[in-house]
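Protein chains in written order, with the working numbering: chain A, 29 to 398; chain B, 381 to 875.
All C-beta atoms, glycine included, are put in the ideal place defined by N, C-alpha and C.
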Amino acid sequence: MPAADLAEELAERVRAAHATATPLCIVAGGTKTWLGRPVQGERLDVTGHRGIVAYEPTELVLTARAGTPLAEIEAVLAERGQCLAFEPPHFASPRPGGEGSQPDAFPPPPRGERAATLGGTVACNLSGPARPYAGACRDFVLGVRIINGRGEVLRFGGEVMKNVAGYDLPRLMAGAQGTLGVLLEVSLKVLPRPPLASTLALELDAVTALARFNAWAGQPLPITAAGHDGERAYARLGGAEAAVQAARLKLGGETIDDGETFWAAVRELRHGFFRASGSLWRLSLPPAAPLAAHARQFIDWGGAQRWVYSEHPLWEQAAAAGGHASLYRSPDRERVFQPLSPAMLALHRRLKAAFDPKGILNPGRLYPEL
Amino acid sequence: MNVSATSQDVHARRAELVRGLLALLPAESVLHEPEDLRPYECDGLSAYRQLPMVVALPRTVEQVQAVMRLCHRLEVPVVARGAGTGLSGGALPRADGLLLSLARLKSILAVDPVARTARVQPGVRNLAISEAARPFGLYYAPDPSSQIACTIGGNVAENSGGVHCLKYGLTVHNVLKLEVVTMEGERLTLGADALDAPGYDLLALMTGSEGLLGVVVEVTVRLLPLPERAQVLLAAYDDVAQAGAAVGAIIAAGILPAGLEMMDNPAIRAAEDFVYAGYPVEAAAILLCELDGTNAEVSEQVMRVRELLIASGAREVRTARDEAERQLFWKGRKAAFPAVGRISPDYYCMDGTIPRRRLPEVLSRIAALSQEYGLPVANVFHAGDGNLHPLILYDANRPGELERTEELGRRILELCIEVGGTITGEHGVGVEKLAGMCAQFGAAQLAQFHAVKAAFDPAGLLNPGKAVPTLHRCAEFGAMHVHGGNLKFPELPRF
Ligand SMILES: Cc1cc2nc3c(=O)[nH]c(=O)nc-3n(C[C@H](O)[C@H](O)[C@H](O)COP(=O)(O)OP(=O)(O)OC[C@H]3O[C@@H](n4cnc5c(N)ncnc54)[C@H](O)[C@@H]3O)c2cc1C
Numbered sequence: 029m030p031a032a033d034l035a036e037e038l039a040e041r042v043r044a045a046h047a048t049a050t051p052l053c054i055v056a057g058g059t060k061t062w063l064g065r066p067v068q069g070e071r072l073d074v075t076g077h078r079g080i081v082a083y084e085p086t087e088l089v090l091t092a093r094a095g096t097p098l099a100e101i102e103a104v105l106a107e108r109g110q111c112l113a114f115e116p117p118h119f120a121s122p123r124p125g126g127e128g129s130q131p132d133a134f135p136p137p138p139r140g141e142r143a144a145t146l147g148g149t150v151a152c153n154l155s156g157p158a159r160p161y162a163g164a165c166r167d168f169v170l171g172v173r174i175i176n177g178r179g180e181v182l183r184f185g186g187e188v189m190k191n192v193a194g195y196d197l198p199r200l201m202a203g204a205q206g207t208l209g210v211l212l213e214v215s216l217k218v219l220p221r222p223p224l225a226s227t228l229a230l231e232l233d234a235v236t237a238l239a240r241f242n243a244w245a246g247q248p249l250p251i252t253a254a255g256h257d258g259e260r261a262y263a264r265l266g267g268a269e270a271a272v273q274a275a276r277l278k279l280g281g282e283t284i285d286d287g288e289t290f291w292a293a294v295r296e297l298r299h300g301f302f303r304a305s306g307s308l309w310r311l312s313l314p315p316a317a318p319l320a321a322h323a324r325q326f327i328d329w330g331g332a333q334r335w336v337y338s339e340h341p342l343w344e345q346a347a348a349a350g351g352h353a354s355l356y357r358s359p360d361r362e363r364v365f366q367p368l369s370p371a372m373l374a375l376h377r378r379l380k381a382a383f384d385p386k387g388i389l390n391p392g393r394l395y396p397e398l
Numbered sequence: 381m382n383v384s385a386t387s388q389d390v391h392a393r394r395a396e397l398v399r400g401l402l403a404l405l406p407a408e409s410v411l412h413e414p415e416d417l418r419p420y421e422c423d424g425l426s427a428y429r430q431l432p433m434v435v436a437l438p439r440t441v442e443q444v445q446a447v448m449r450l451c452h453r454l455e456v457p458v459v460a461r462g463a464g465t466g467l468s469g470g471a472l473p474r475a476d477g478l479l480l481s482l483a484r485l486k487s488i489l490a491v492d493p494v495a496r497t498a499r500v501q502p503g504v505r506n507l508a509i510s511e512a513a514r515p516f517g518l519y520y521a522p523d524p525s526s527q528i529a530c531t532i533g534g535n536v537a538e539n540s541g542g543v544h545c546l547k548y549g550l551t552v553h554n555v556l557k558l559e560v561v562t563m564e565g566e567r568l569t570l571g572a573d574a575l576d577a578p579g580y581d582l583l584a585l586m587t588g589s590e591g592l593l594g595v596v597v598e599v600t601v602r603l604l605p606l607p608e609r610a611q612v613l614l615a616a617y618d619d620v621a622q623a624g625a626a627v628g629a630i631i632a633a634g635i636l637p638a639g640l641e642m643m644d645n646p647a648i649r650a651a652e653d654f655v656y657a658g659y660p661v662e663a664a665a666i667l668l669c670e671l672d673g674t675n676a677e678v679s680e681q682v683m684r685v686r687e688l689l690i691a692s693g694a695r696e697v698r699t700a701r702d703e704a705e706r707q708l709f710w711k712g713r714k715a716a717f718p719a720v721g722r723i724s725p726d727y728y729c730m731d732g733t734i735p736r737r738r739l740p741e742v743l744s745r746i747a748a749l750s751q752e753y754g755l756p757v758a759n760v761f762h763a764g765d766g767n768l769h770p771l772i773l774y775d776a777n778r779p780g781e782l783e784r785t786e787e788l789g790r791r792i793l794e795l796c797i798e799v800g801g802t803i804t805g806e807h808g809v810g811v812e813k814l815a816g817m818c819a820q821f822g823a824a825q826l827a828q829f830h831a832v833k834a835a836f837d838p839a840g841l842l843n844p845g846k847a848v849p850t851l852h853r854c855a856e857f858g859a860m861h862v863h864g865g866n867l868k869f870p871e872l873p874r875f
């Protein structure tokens with residue numbers, strides 16, 4: 029599909045929907061439809077609004093339209109030795125969860141070829157294993173162009189690293205899942221790709237691994253990922269050759285050959301752990317929070333992101349541990365994200381109304397009230 | 381809540397507010413005599429001064445909540461204040477308002493070396509956090525030059541940066557959780573001890589909101605391990621454009637320095653006269669490039685950067701011999717503002733950000749503007765992230781000079797917008813850059829900002845009149861700003 033600027037057409041659609049208070053369901057690659065509550069509304073497909081608008085390697089900034097495939101952006105960056113340091117998952121087809129079409133396939137098999145887009149990635153604020161060390165998607169968002177719920181095309185932030193003119197609405201859009209605005213264009217900070225990456229496997233139980241991850245993170249070590257798959261611990265080192273070599277000796281363990289394949293499988297939720305059946309929860313916790321007793325769990329983000337299977341709700345357990353839960357896979361999509369306190373929900377509703385007074389943008393995707 | 385400014389009215393309102401406050405706070409926490417109010421009349425932007433109606437100095441979060449509830453009920457505007465080092469008038473008081481100082485909320489509540497966090501009250505000084513973390517081999521990365529004085533609450537409100545933010549980010553990248561009190565006195569937790577929180581990213585929204593959305597009463601920051609080694613190189617250039625090109629070359633080579641700073645000749649001279657950093661005073665520009673990481677990594681990068689600097693035309697490249705010399709190189713840079721303050725009766729600090737590649741052009745146009753207005757300009761530049769601080773030297777005692785200075789400042793900011801940048805990289809809009817906001821944003825964008833403000837503070841009592849100009853205010857400034865033939869506020873009457 030060629031690059032095209034559909035901003036005006038899309039804005040016109042939103043203006044019309046605003047006039048008639050018609051709910052819109054914003055879609056692009058369709059790779060993350062499952063990551064939220066179902067939205068009833070007219071389809072607003074932004075896939076055609078695509079193309080890299082500007083890329084200046086020495087400025088460490090890339091600007092692209094929301095419908096641009098993530099893979100295209102990553103390829104262009106790689107040519108110049110750069111990358112999206114937050115390692116966004118694609119959840120593209122072939123879908124995570126692997127081959128076949130199990131009834132509870134996760135995420136549901138997309139129809140045909142589906143590719144993750146920049147807009148969907150930022151809207152969901154998704155970050156991969158490097159997150160604790162490099163930052164989250166939202167940390168790299170410098171500017172956005174959006175259509176708000178009135179159909180106005182607005183630009184906030186810009187293509188510069190530092191900008192405190194006006195409220196930080198670009199970062200607010202990250203993770204709002206389109207409920208505050210239709211993303212048209214995003215400017216991201218990009219970084220040089222580490223010259224070398226090397227993954228170690230260590231024979232450690234989960235409790236020891238968790239303690240080790242936290243101790244390592246307090247030392248000047250070039251760690252770029254750390255996880256435990258239930259059996260062994262894995263740590264990835266990244267940086268200059270000399271630094272990686274020195275750290276390898278310090279950490280111990282065995283260097284594995286297919287490190288990048290392993291982390292890609294973790295990032296895309298394609299690792300064997302994610303193929304079991306049952307309700308899959310993501311727990312976002314303080315990195316040193318003690319391990320709760322779960323039959324199976326996968327630790328990522330050096331302890332700050334944990335995946336568990338549970339048929340009982342984990343909202344309270346996650347909150348008691350100082351974090352929150354989201355329900356990634358379950359037949360019941362009524363409640364996907366951690367409930368908000370009444371005061372926070374009230375504030376969220378006022379904010380939603382500030383951007384989308386008629387509640388037409390992806391209504392209910394995050395919470396029924398938004 | 382339009383308060384007419386008749387002195388009688390203010391008198392009655394002050395008496396009512398003081399009475400209410402004394403029911404909540406001990407007498408020593410409530411100031412209302414003019415001589416007690418004087419220290420609060422301005423922040424670091426001293427060209428703007430205003431005595432507040434009353435100052436409150438609470439010691440607990442509960443007291444902050446009670447004070448906010450009272451002000452909400454009495455419809456008294458509230459301006460929060462940390463250390464008052466802000467450079468845009470963000471903490472400028474109002475004659476009809478309460479100045480809420482957070483200076484007495486100054487405890488470091490916890491340092492958690494395992495989770496690598498510090499939980500502190502808003503009045504804690506930036507540097508004090510790193511000092512408390514040091515025994516654990518940790519530090520707080522954002523290091524504004526004002527770090528010995530400025531508070532973490534003020535840093536959050538301004539999303540402050542420092543010389544290390546190219547690699548380690550701004551305040552927004554280093555804060556995990558905030559406790560805030562709304563204008564209604566409600567306490568909210570934004571963010572979490574985890575790496576993300578459910579719902580909208582209100583943590584990011586609050587950061588940099590200049591005290592307009594809530595009062596920050598507790599901050600949990602992320603701590604980083606102290607690097608094994610840091611080394612700084614100093615390169616001198618005969619031509620500013622070459623120095624600018626060197627910055628691009630370092631980044632294109634895949635190196636991400638911990639700090640990358642530039643100073644032009646007037647700034648070099650002022651700093652050298654002040655702290656004797658050993659800077660080459662004949663150079664047109666110097667670059668300071670700090671590399672940090674493991675021992676092996678730094679050695680490798682120092683060699684590569686040295687080669688790049690020489691290849692870019694540096695006439696001299698020095699590597700700090702030891703930690704003492706490293707500190708000295710930085711001291712000159714960090715003291716640049718006060719150094720310029722010594723050579724001129726007054727100076728006005730600008731804070732635009734530009735795409736780095738436009739630097740040579742921007743500097744030569746600033747030089748031309750400096751000529752046009754007859755006012756010298758020294759430039760200090762966070763070169764790694766494009767944040768430019770032109771310092772305009774002037775004398776407020778000479779009639780008309782302040783006005784000329786402000787106009788020159790506005791022209792410089794318009795230039796930053798024109799090349800694709802922004803009017804403020806880290807100092808905030810405050811009262812100072814309201815006109816610049818009208819130049820950078822259109823009516824619909826400003827209306828969106830106001831709608832966000834109203835979602836947090838429907839009564840409009842928190843730091844009103846700062847950061848985001850009203851559309852009418854823009855119309856007043858406005859006639860001058862015609863962009864691409866489009867009048868920016870066609871729907872508003874011209875005056
Ligand atoms: C010599 C010098 C060098 C500087 N260098 C830098 C630099 O390198 N980088 C940089 O970014 N800045 C720099 N600054 C600017 C300034 O130090 C920062 O903006 C700093 O963060 C302000 O902190 P403060 O405690 O002094 O806040 P104040 O000036 O007291 O307040 C600043 C703003 O924050 C609000 N505020 C304060 N506390 C709270 C709170 N608890 N809750 C809600 N709102 C609050 C105020 O209402 C006001 O709008 C420099 C200033 C000086 C004088």
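Contact test: residue i Cβ vs ligand 1 heavy atom, cutoff 8 Å
| i | result |
| --- | --- |
| residue 566 of chain B | no |
| residue 718 of chain B | yes |
| residue 419 of chain B | no |
| residue 423 of chain B | yes |
| residue 240 of chain A | no |
| residue 514 of chain B | no |
| residue 459 of chain B | yes |
| residue 442 of chain B | no |
| residue 530 of chain B | yes |
| residue 553 of chain B | no |
| residue 223 of chain A | no |
Option in the options with minimal Cα separation from residue i
| i | options | result |
| --- | --- | --- |
| residue 548 of chain B | B/529, B/564, B/528, B/523 | B/523 |
| residue 503 of chain B | B/439, B/542, B/576 | B/439 |
| residue 89 of chain A | A/195, A/295, A/172, A/390 | A/172 |
| residue 222 of chain A | A/240, A/251, A/238 | A/251 |
| residue 396 of chain B | B/426, B/450, B/849 | B/450 |
| residue 174 of chain A | A/164, A/192, A/191, A/198 | A/198 |
| residue 668 of chain B | B/655, B/714, B/632, B/650 | B/714 |
| residue 419 of chain B | B/410, B/526, B/431 | B/431 |
| residue 835 of chain B | A/396, A/391, A/392, A/384 | A/384 |
| residue 258 of chain A | A/327, A/386, A/53, A/65 | A/327 |
| residue 495 of chain B | B/774, B/483, B/516, B/476 | B/516 |
| residue 315 of chain A | B/572, B/720, B/506 | B/572 |
| residue 594 of chain B | B/720, B/518, B/457 | B/457 |
| residue 705 of chain B | B/721, B/543, B/670 | B/670 |
| residue 82 of chain A | A/75, A/74, A/96 | A/96 |
Min CB distance residue i to chain C below 9 Å
| i | result |
| --- | --- |
| residue 291 of chain A | Judged by its chain identifiers, the structure shown contains no chain C, and its protein chains are A and B. |
Could you name each continuous alpha helix (DSSP H) segment of 4 residues or more that falls completely within the stretch 799-855 of chain B, going from the start of the chain to the end?
814-820, 823-836
At least three beta-carbon pairs within less than 8 Å, the stretch 175-193 of chain A to the stretch 719-726 of chain B
no
Any alpha helix (DSSP H) of 4 or more consecutive residues that is wholly inside the stretch 310-377 of chain A:
343-348
Between the stretch 264-277 of chain A and the stretch 618-636 of chain B, can you find at least three pairs of beta-carbon atoms closer than 8 Å?
no
Under 8 Å: do the stretch 561-577 of chain B and the stretch 644-658 of chain B share three or more Cβ pairs, one atom per stretch?
Verdict: no, contact absent.
I'd like the ranges of any alpha helix (DSSP H) spanning at least 4 consecutive residues and lying wholly in the stretch 152-225 of chain A.
159-162, 165-168, 197-201
Could you name each continuous alpha helix (DSSP H) segment of 4 residues or more that falls completely within the stretch 61-96 of chain A, going from the start of the chain to the end?
Secondary structure remark: continuous alpha helix (DSSP H) runs of at least 4 residues inside the stretch 61-96 of chain A: none found.
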